[in-house]
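> Got a structure for you, questions after.
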Amino acid sequence: MSKNIDLSVVVPIYNEEESLPLLVQEIMKAMITNFKNFEVVLVNDGSTDKSEEVLEKISNNYPELKCIILRKNYGQTAAMAAGFDNSLGDIIVSLDGDLQNDPADIPILVNKLCEGYDLVSGWRFDRKDARIKRKLPSKIANKLIGYVTGVKLHDYGCSLKAYRKEVLYDMRLYGELHRFLPVLANIEGARITEVKVNHRHRKFGESKYGIDRTFRVMMDLLTVWFMNRFLTRPMYIFGFGGILAILGSFLASSYLLINKYLDTQQDIGLFLTFALILGIAGVQLFCIGLLGELLIRTYHESQGRPIYRIRKTLRG
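According to our numbering, the sequence shown is numbered sequentially starting from 439.
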């Protein structure tokens with residue numbers, strides 16, 4: 439493969455043996471028609487079906503194809519990180535492997551990106567999913583994420599997105615933060631927009647997502663909120679809380695001293711406990727803030743370690 443790759447398409451795969459042949463055909467059709475120098479990176483995230491065997495056969499047919507086989511199932515975030523890290527393109531497009539994203543929309547996202555944006559997110563405005571199980575929770579989550587993070591998008595959950603390579607290079611993905619890539623990009627100062635894309639009914643298999651992911655999204659949202667507001671200044675939140683607690687302890691202690699001086703014979707047990715708890719909590723929060731500052735500096739200065747392990751790589 440030439441190093442002069444203009445565009446890379448990254449697709450995480452998990453148990454999609456039936457979808458893979460048609461998926462690759464559609465991607466290659468869209469790419470050959472619209473682009474010259476490109477590659478397609480398929481990441482098999484520890485599939486338990488015959489996806490790996492299908493990838494081995496398909497990889498022999500297309501010189502633009504690169505198949506990355508992970509050692510086990512690490513999750514979609516790790517699979518996308520593996521695809522991003524092993525892509526050569528200056529522009530990277532991601533999409534799901536279940537055929538619900540339409541590869542024909544790739545040129546639309548790329549053209550929009552070339553207008554001066556760093557990230558273009560797809561918006562499934564006519565989504566073909568169950569209304570109660572998928573669409574309603576997703577709509578609520580999108581509103582909540584936009585309110586908390588300040589990045590207003592209609593559809594955070596759409597995997598069809600286009601990125602500039604340098605934006606992804608600045609980001610580190612952990613846990614299940616693939617849902618919040620626009621927010622992470624916003625932290626890095628990226629220019630973000632969205633375009634309407636086609637969404638199709640699932641042809642093969644079943645969705646890998648369930649209602650149980652709501653809890654994970656909420657926990658990740660708290661993480662992203664903290665990163666968005668206090669990533670480089672954790673002392674602001676912990677130190678402020680510590681100062682408030684110490685101030686409360688000082689006021690409670692002053693009240694106790696005044697009562698002791700006036701000898702009012704009032705029961706001070708509750709206030710004494712309150713003053714001690716606030717004082718200890720204040721010191722602890724302040725120390726956590728200081729430790730957070732040191733950890734942030736270590737994080738930014740140290741070399742990153744990948745969250746995945748590759749078993750082998752197949753090339754066309």
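By construction, the Cβ of each residue, glycine as well, lies at the ideal position given by its N, Cα and C atoms.
Please list the terminal residues of the continuous beta strand (DSSP E) segment that includes N482.
Translated into positions along the sequence shown, residue 482 becomes position 44. That run of the beta strand (DSSP E) goes F476 to N482.
> Please classify T587 as buried or exposed, where buried requires at least 16 other C-beta atoms within 10 Å of its C-beta.
Counting from one through the sequence shown, the residue named residue 587 turns up at place 149. Buried.
> Can you tell me which of the three DSSP states S687 falls into?
Taking the sequence shown and counting its residues from 1, the one referred to as residue 687 is at position 249. Three-state DSSP puts S687 in a helix.
> Compute the Euclidean distance between the alpha carbons of A542 and K495, then round it to the nearest angstrom.
Position 104 of the sequence shown, counting from 1, holds the residue named residue 542. Position 57 of the sequence shown, counting from 1, holds the residue named residue 495. Spanning the two alpha carbons is a distance of roughly 24 Å.
> With V481 and V449 assumed to form a contact (beta carbons below 8 Å), what rounded beta-carbon distance in angstroms separates them?
The sequence position of residue 481 within the sequence shown is 43, counting from 1. The sequence position of residue 449 within the sequence shown is 11, counting from 1. Right, the Cβ-Cβ distance comes to about 7 Å (below 8 Å), so this counts as a contact.
> Please state whether the Cβ-Cβ distance between V589 and L557 is less than 8 Å.
Within the sequence shown, residue 589 is the residue found at index 151, counting from 1. Within the sequence shown, residue 557 is the residue found at index 119, counting from 1. No. Outside cutoff.
> V662 by DSSP, collapsed to three states: which one?
Taking the sequence shown and counting its residues from 1, the one referred to as residue 662 is at position 224. Helix, per DSSP.
> Under the rule that 16 or more other beta-carbon atoms within 10 Å means buried, what is K750, buried or exposed?
Here residue 750 refers to the residue found at position 312 of the sequence shown. It counts as exposed.
> So for Y674, helix, strand or coil by DSSP?
Stepping through the sequence shown from its first residue, residue 674 is reached at position 236. Helix.
> Take W663 as the anchor and find which of I681, G686 and F618 has the nearest alpha-carbon.
Within the sequence shown, numbered from 1, the residue matching residue 663 stands at position 225. It is F618.
> Among D564, Q538 and P545, which one has its Cα closest to the Cα of N472?
Residue mapping note: residue 472 aligns to position 34 of the sequence shown, counting from 1. Here the closest residue by C-alpha is P545.
> I'd like to confirm the pairing. Which residues does DSSP put opposite Y601 in its beta bridges?
Start at 1 with the first residue of the sequence shown, and residue 601 comes out as number 163. Note: Y601 sits in a beta bridge opposite I530 and L557.
> Can you give the Cα-Cα distance for G677 and G730, rounded to whole angstroms?
Locating residue 677 in the sequence shown gives position 239, counting from the first residue. Locating residue 730 in the sequence shown gives position 292, counting from the first residue. Each residue's Cα considered, the two are about 10 Å apart.
> Is the beta carbon of I503 less than 8 Å from the beta carbon of V531?
Taking the sequence shown and counting its residues from 1, the one referred to as residue 503 is at position 65. Taking the sequence shown and counting its residues from 1, the one referred to as residue 531 is at position 93. Looking at the sequence itself, residue 503 is Leu, so the reference to Ile does not match. No, these two residues do not count as a Cβ contact at 8 Å.
> So, under 8 Å CB-CB, S497 and R753 are touching, yes? Tell me the CB distance rounded to an integer number of Å.
Counting from one through the sequence shown, the residue named residue 497 turns up at place 59. Counting from one through the sequence shown, the residue named residue 753 turns up at place 315. Indeed they touch by this definition, with Cβ atoms about 7 Å apart.
> Can you list the beta strand (DSSP E) stretches of 3 or more residues lying completely in the stretch 576-635, in chain order?
Those beta strand (DSSP E) runs which fall completely within the stretch 576-635 and span 3+ residues are 599-602 and 630-634.
> Among the residues of its own chain, which have a CB less than 6 Å from the CB of S440, if the five just before and after it don't count?
In the sequence shown, residue 440 corresponds to position 2, counting from 1. With a pLDDT of 44 at S440, under the threshold of 50, the modelled position of this residue cannot be trusted; read the value that follows with caution. Nothing meets the Cβ criterion.
> Within a Cβ cutoff of 7 Å, which residues of the same chain sit near I465, ignoring the five residues on either side of it in sequence?
The residue you call residue 465 lines up with position 27 of the sequence shown. V447, V478 and P541.
> For T515, report the span of its alpha helix (DSSP H) as first-last.
In the sequence shown, residue 515 corresponds to position 77, counting from 1. Counting along the chain, the alpha helix (DSSP H) containing T515 begins and ends at Q514 to D523.
> If you draw a straight line from the alpha carbon of L461 to that of K550, how long is it in whole angstroms?
Here residue 461 refers to the residue found at position 23 of the sequence shown. Here residue 550 refers to the residue found at position 112 of the sequence shown. Going by the C-alpha atoms only, they are around 23 Å apart.
> Straight-line CA distance for G782 to L611?
Residue numbering for the chain in the displayed model covers 439 to 754; residue 782 lies beyond these limits and cannot be assessed.
> In the DSSP assignment, the alpha helix (DSSP H) including S446 goes from what residue to what residue?
Counted from its first residue, the sequence shown places residue 446 at position 8. Not the alpha helix (DSSP H): S446 falls in the beta strand (DSSP E), residues L445 to I451.
> Which term fits M656, buried or exposed, when burial requires 16 or more other beta carbons within 10 angstroms of its beta carbon?
One-based indexing of the sequence shown puts residue 656 at position 218. So M656 ends up on the exposed side.
> DSSP has T757 in a bridge; who is on the other side?
As displayed, the chain neither begins before 439 nor continues past 754, which places residue 757 out of reach and without an answer.
> Mind checking C725: buried by the 16 CB within 10 Å criterion, or exposed?
In the sequence shown, the residue the question calls residue 725 occupies position 287. So C725 ends up on the exposed side.
> Can you tell me the Cα-Cα spacing of S485 and I715, whole angstroms?
By one-based count along the sequence shown, residue 485 stands at place 47. By one-based count along the sequence shown, residue 715 stands at place 277. About 51 Å.
> Would you report the Cα separation of G595 and S576, rounded to the nearest angstrom?
Mapped onto the sequence shown, residue 595 falls at position 157. Mapped onto the sequence shown, residue 576 falls at position 138. One C-alpha to the other measures close to 7 Å.
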